[in-house]
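Undergrad: Take a look at the following structure, please.
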Amino acid sequence: MLVLLEGLLPAGRTSAPAKTGPRDLHVQLYLDRGKGPGMIRVSVSGETRTGPRTGTPAVTVDSLPDNCIQSTVARARWPDGLTVQADLATCLAWDGRRNPPAPRALSTDEARAIVADPRWGTTMDAGLVRAGADRFPHVAIFS
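Per the working numbering, residue 18 is the first one in the sequence shown, and the count goes up by one each step.
Structure follows, in structure tokens:
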């Protein structure tokens, strides 16, 4: 998931790759586009299906101004039951004392394009899985 997310992001420096656990489908990357890092978290849930998605997802974007981790939430609901969600934060991950403020890393349109990519799934292309294992052999865990 991390390698796909990284490949879908606009130009910038990525850092802080993380996931919620070995089997959870929830990842995090920071993206710095020149104004400091911003945090993006992507989760995938729903039906297991091999191969790329078919059809067109219903994409929604919600604003949650009181939640810095999910300040903006873009969600794609696919006809086969898969849901892909991108959380755009206005803070960084908990540092032991607080969630430091941060710029939002993506525009609404950029987030929409990421969640609507048909390669997301509860199972993913073997090439993406191998590339992810090579690019991100050890990542932090977040909760």
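Glycine residues also receive a C-beta, built at the ideal position from the N, C-alpha and C atoms.
1) Tell me residue 36's beta-bridge partners as DSSP assigns them.
2) Within the continuous alpha helix (DSSP H) that includes residue 149, where are the two ends?
3) DSSP on residue 93, reduced to helix/strand/coil?
4) Run through DSSP, which three-state label would residue 131 get?
5) Please classify residue 54: is it buried, with 16 or more other beta-carbons within 10 angstroms of its beta-carbon, or exposed?
6) Output needed for residue 20: all residues of its chain with C-beta closer than 8 Å, excluding positions within five of it in sequence on either side, in chain order.
7) Among the residues of its own chain, which have a CB less than 6 Å from the CB of residue 122, if the five just before and after it don't count?
8) I need the DSSP call for residue 112, collapsed to helix, strand or coil.
TA: Looking at the coordinates:
1) 44, 158
2) 143 to 152
3) strand
4) helix
5) buried
6) 145, 148, 149, 152, 153
7) 48, 55, 57
8) coil
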